[in-house]
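Step one of this worksheet: look at the structure below.
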Amino acid sequence: MNKAIFFDRDGTINVDKGYVYKLEDLEFEKNAIEGLKELTKTEYKLIVITSQSGVGRGYYTEEDMHKFNHELIRRLNEKGIKIENIYFCPHHPEKGIGKYKVDCDCRKPEPGLIMGAKNEYNLTLQDSIMIGDKTSDIEVGKRSRCKTILVKTGEGGKDKSYNIKPDYVADDLLDAAKWILNNKNE
Ligand SMILES: [Mg+2]
Ligand SMILES: [Zn+2]
């Protein structure tokens, strides 16, 4: 069995400029690369879990999103960081257009994306960790029985959509990485 660290994308790894998809808008959050570098040295698989309702809303296409994701992975690879996969939900229950208007099981905090990763990588979710900047990231982690870390970058939990109690509140991904590495040694 394997274990993973699940990362939200916008506001956690890269700066959330609002429905980001243009390559020129790819800017990494403070200490994100440094934190991911530390976590690359661990046995955790690094997996991104992202809600991209901008696709469903018609703001950009799935292809635009894939281009952005590939560039994100490429830039991190250059730094020696290996992202295993990026799972995305393009839906929105009300604002989605056509086939994207779905009350799906993969939009956070629904655990569909994490369950897909669990099956693909044979993960033990109890040993896995979800990191994100919104309360829905913490809620999806909790519903999936992962440990949870809220980062203060991006929204920093201020959306208050869900009443959450993360296992740790980190300044940024480097602080989150340090907490994970310290906990492992206990
Ligand atoms: Mg986010
Ligand atoms: Zn979905």
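Residues in the sequence shown are numbered from 103 upward in steps of one, following our numbering. Beta carbons: idealized from backbone N, C-alpha and C, even for Gly.
To which residues does DSSP link residue i through a beta bridge?
i: residue 248; result: Paired residue(s): none; residue 248 is not in a bridge.
i: residue 112; result: 116
i: residue 253; result: 272
i: residue 107; result: 148, 231
Can you name the start and end residues of the beta strand (DSSP E) that residue i belongs to?
i: residue 147; result: 147-153
i: residue 349; result: Since the displayed the chain opens at 103 and closes at 288, residue 349 lies outside it and no answer follows.
Per DSSP, what kind of secondary structure is residue i in: helix, strand or coil?
i: residue 288; result: Confidence is the limiting factor: at residue 288 the pLDDT is only 47, short of 50, which leaves the residue's position unreliable, though a coordinate-based value still follows. Residue 288 falls in the coil class under three-state DSSP.
i: residue 221; result: helix
i: residue 274; result: coil
i: residue 266; result: coil
i: residue 183; result: coil
i: residue 199; result: coil
i: residue 123; result: coil
Assuming residue i contacts residue j under a Cβ cut-off of 8 Å, what Cβ separation, rounded to an integer in Å, is found between them?
i: residue 240; j: residue 250; result: 5 Å
i: residue 205; j: residue 192; result: Incorrect: roughly 14 Å between the Cβ atoms, too far for contact.
i: residue 202; j: residue 158; result: 3 Å
i: residue 171; j: residue 151; result: Not confirmed; about 12 Å, so no contact.
i: residue 106; j: residue 230; result: 5 Å
i: residue 118; j: residue 256; result: 5 Å
Between which two residues does the alpha helix (DSSP H) carrying residue i extend?
i: residue 187; result: Looking at the DSSP string, residue 187 is not in any alpha helix (DSSP H); the run it does join, the beta strand (DSSP E), is 187-191.
i: residue 175; result: 164-180
i: residue 135; result: 134-142
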